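If you count the sequence shown from 1, position 192 lands on 441 in this note's numbering, and the numbers rise without skipping.
Input: a single structure, listed below in structure tokens.
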Amino acid sequence: MIAWSTDPAQAAELDAADEFASFRDRFELPPPPAGAEDSIYFVGNSLGPLPKKAREYVNLELDRWATLGVKGHFEGKPGWAAYHEVLTPSICRLVGAVPAEVCVMNTLTVNLHMLLVSFYRPTPERHKILIEEHAFPSDHFAVESQIRLRGFDPAESLVTVAPRDGGELFHVDDIVAAIEAHGDSLATVLLPGVQYYTGQVMPVPEIVAAGHSVGATVGIDLAHSVGNVPVALHDWDVDFATWCSYKYVNSSPGGISGIFVHERHVDDQSLPKLLGWWGNRMATRFNMDNTFDPIPTAESWAVSNGLALPMAALRASLEIFDDAGGVPALRKKSEKQTAYLLYLLDELVPDTVAVITPRDPEQRGCQLSLEITPDDIDGQAVFDQIEAAGVFCDWRYPNVIRVAPTPLFNTFGDIRRFVDILAAAIAEHRS
Ligand SMILES: Cc1ncc(COP(=O)(O)O)c(C=O)c1O
250 MIAWSTDPAQ AAELDAADEF ASFRDRFELP PPPAGAEDSI YFVGNSLGPL
300 PKKAREYVNL ELDRWATLGV KGHFEGKPGW AAYHEVLTPS ICRLVGAVPA
350 EVCVMNTLTV NLHMLLVSFY RPTPERHKIL IEEHAFPSDH FAVESQIRLR
400 GFDPAESLVT VAPRDGGELF HVDDIVAAIE AHGDSLATVL LPGVQYYTGQ
450 VMPVPEIVAA GHSVGATVGI DLAHSVGNVP VALHDWDVDF ATWCSYKYVN
500 SSPGGISGIF VHERHVDDQS LPKLLGWWGN RMATRFNMDN TFDPIPTAES
550 WAVSNGLALP MAALRASLEI FDDAGGVPAL RKKSEKQTAY LLYLLDELVP
600 DTVAVITPRD PEQRGCQLSL EITPDDIDGQ AVFDQIEAAG VFCDWRYPNV
650 IRVAPTPLFN TFGDIRRFVD ILAAAIAEHR S
């Protein structure tokens with residue numbers, strides 16, 4: 250147990266002892282806005298910073314394009330046609346999968362649609378999808394449109410589970426009870442691994458067990474999990490999952506996503522699927538005889554040829570995770586960072602900031618969601634001021650400032666300085 254202190258010397262000591270300190274140098278962190286002393290990049294939960302090596306890897310592919318032209322698809326190590334294979338082992342480590350279960354492709358919402366085509370198979374008796382109340386809009390829209398596409402009515406088929414007691418946090422018992430209550434009418438459960446507004450880590454193994462016990466398929470949106478908290482999709486027995494890589498995985502704006510399909514489903518030819526030529530085995534892909542010959546892995550969900558430049562950028566970031574020993578190693582620092590931030594908030598801005606993220610370290614990742622509580626303080630004005638002072642973070646409607654100290658590139662000094670900046674902004678906006 251660390252005896253926390255508000256003395257800034259403690260931040261310096263923690264940084265001096267930090268085994269991951271050198272990783273900060275592997276990123277280009279945005280400079281502060283004019284007039285601010287320095288920047289504090291606390292928004293890796295929205296868009297991770299640029300890994301320096303991404304320039305090299307993307308430039309390499311631009312050079313290969315310039316010199317090889319179309320031959321670049323198959324010449325070089327790797328050629329663009331095989332580029333995703335280089336990423337697979339690192340992705341497996343991030344999401345806890347075996348190689349046959351993952352494929353780097355598309356973007357998150359596109360993948361959600363493609364996976365729902367396969368795993369949401371409504372019948373008149375079993376047609377409901379369970380999501381969280383106030384789910385991320387894209388997930389809600391995807392589910393709503395999938396229900397309509399299959400000829401069902403969202404008013405009957407889209408069901409939700411709410412946080413406990415009108416609050417912000419979900420309770421595992423409520424989720425299990427909701428799944429059991431819908432029972433035989435439930436086709437699919439789609440929930441996040443980490444909730445985007447509160448940063449709550451959701452009880453995925455319990456969700457999967459409950460979903461399977463009523464005969465539903467279970468999918469997980471890992472947008473806020475991957476690169477943030479340990480994930481074990483295979484062992485948790487999740488049916489399908491997808492994620493974006495531009496948040497904690499620092500893969501570039503809108504960077505390439507990926508899918509997970511559990512090993513037991515990957516070669517199930519009875520699953521409906523949207524097809525394209527990139528899901529066809531390489532050996533027969535260019536026969537052009539219009540007979541689909543599926544790759545017997547999650548790669549059979551791929552439809553188009555791979556996005557070489559986004560994959561090159563992603564490669565740079567994945568190398569950093571591998572060199573750091575992966576998320577389980579980084580997690581120890583992350584837990585220390587969020588504990589330090591919680592302590593400083595409690596000590597230095599008591600009674601003005603409520604942390605809605607769970608205090609139990611098992612139930613939180615890098616992100617803490619802060620509500621400015623007194624009615625006489627305008628939370629949005631506080632946000633604007635801390636942003637002007639160099640803090641990169643985000644404001645989520647209706648009332649939350651999300652901050653995410655991230656172990657690869659944030660220091661304990663960042664955290665200490667952030668709380669001073671926040672305290673000053675709160676003091677200034679108190680009317
Ligand atoms: C939980 C969640 N789902 C879906 C999305 C949408 O991702 P995309 O725009 O990459 O499809 C996001 C983006 O932030 C998200 O946080």
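All C-beta atoms in this analysis are idealised placements derived from N, C-alpha and C, irrespective of residue type, glycine included.
From a predicted model like this one, the values you see are computed outputs, not experimental measurements.
(request) Alpha carbon to alpha carbon, how far is H376 from A270? Give it in angstroms, no decimals. (result) 50 Å
(message) My output table needs one value for F368: the three-state DSSP class, helix, strand or coil.
(response) helix
(request) Within the same chain, show all residues whose beta-carbon is closer than 7 Å to that of V421, passing over the 5 residues directly before and after it, in chain order. (result) P452, E455
(message) In the DSSP output, which residue or residues are listed as bridge partners for K377?
(response) L435
(request) Keeping to the same chain, check which residues put their C-beta closer than 6 Å to that of K582; ignore five residues upstream and five downstream. (result) F269, P656
(request) Can you have a look at I251 and say buried or exposed, based on whether 16 or more other CB atoms are within 10 angstroms of its CB? (result) exposed
(request) Could you tell me which residues DSSP pairs with P300 in its beta bridges? (result) F276
(message) List, from N- to C-terminal side, the beta strand (DSSP E) runs of 3 residues or more that fit wholly inside the segment 379-464.
(response) 407-410, 435-441
(message) Please state the DSSP three-state secondary structure of T660.
(response) coil
(request) Using only alpha-carbon positions, find the residue among A427, K320, Y445, T601 that is nearest to V463. (result) A427
(request) Using only the heavy atoms of ligand 1, determine whether one of them is closer than 6 Å to the beta carbon of L418. (result) no
(message) If I follow the unbroken beta strand (DSSP E) through C352, where does it start and stop?
(response) 351-353
(message) Here's the rule: buried if 16 or more other CB atoms are within 10 angstroms of the residue's CB, otherwise exposed. What is S367?
(response) buried
(request) Given a cut-off of 7 Å, decide if A547 and C352 are closer than it, judged by their beta-carbon atoms. (result) yes
(request) Give the C-beta separation of A459 and V425 to the nearest angstrom, bearing in mind that I take them to be a contact with Cβ-Cβ under 8 Å. (result) 4 Å
(request) Return the chain-ordered list of same chain residues with a C-beta closer than 6 Å to the C-beta of F385, the five sequence neighbours on each side being excluded. (result) Y445
(request) Give every residue of the same chain whose Cβ lies closer than 6 Å to the Cβ of A674, excluding the five residues on either side of it in the sequence, and list them in chain order. (result) V631, Q634, I635
(request) Determine the burial state of V319: buried for a count of at least 16 other Cβ atoms within 10 Å of its Cβ, exposed for fewer. (result) exposed
(request) Hey, could you find the ends of the alpha helix (DSSP H) D600 is sitting in? (result) Note, D600: premise wrong, no alpha helix (DSSP H); not H, not E.
(request) Report the residue from E596, A404, L379 whose alpha carbon sits nearest the alpha carbon of A411. (result) L379
(request) Could you tell me whether the segment 562-579 touches the segment 296-307, where touching means 3 or more Cβ pairs closer than 8 Å? (result) yes
(request) Helix, strand or coil for E620, going by three-state DSSP, please let me know. (result) strand
(message) Tell me the DSSP secondary structure of W253 in three-state form.
(response) coil
(request) Please report how far the alpha carbon of A285 lies from the alpha carbon of I670, in whole angstroms. (result) 11 Å
(request) Please determine, among I340, L343, E310, the residue with the shortest C-alpha to C-alpha distance to G328. (result) E310
(request) Look at the Cβ atom of S553, then the Cβ atom of G525, and state whether they are nearer than 7 Å. (result) yes
(message) Strictly by DSSP, which residues pair up with N529?
(response) P543
(message) Using a Cβ distance threshold of 8 Å, determine whether the segment 465-480 contacts the segment 329-338, with at least three qualifying pairs required.
(response) no
(request) Enumerate, from N- to C-terminal direction, the unbroken alpha helix (DSSP H) stretches of 4 or more residues contained entirely within the segment 544-577. (result) 557-572
(request) Please report the residue range of the alpha helix (DSSP H) in which I340 lies. (result) 332-344
(message) If distances are taken between C-alpha atoms only, which option among H362, L556, E324 comes closest to S500?
(response) L556
(message) Under DSSP, the alpha helix (DSSP H) around W485 begins and ends at which residues?
(response) 482-485
(request) Tell me whether the beta-carbon of F276 lies closer than 7 Å to the beta-carbon of L364. (result) no
(request) Have a look at Y589, T601, D542 and flag the residue whose alpha-carbon is nearest the alpha-carbon of R608. (result) Y589
(message) Tell me the residue span of the beta strand (DSSP E) that contains G507.
(response) 507-510
(message) What does the alpha-carbon distance come out to for the pair L240 and W253?
(response) Outside the shown range of the chain (250 to 680) lies residue 240, about which nothing can therefore be said.
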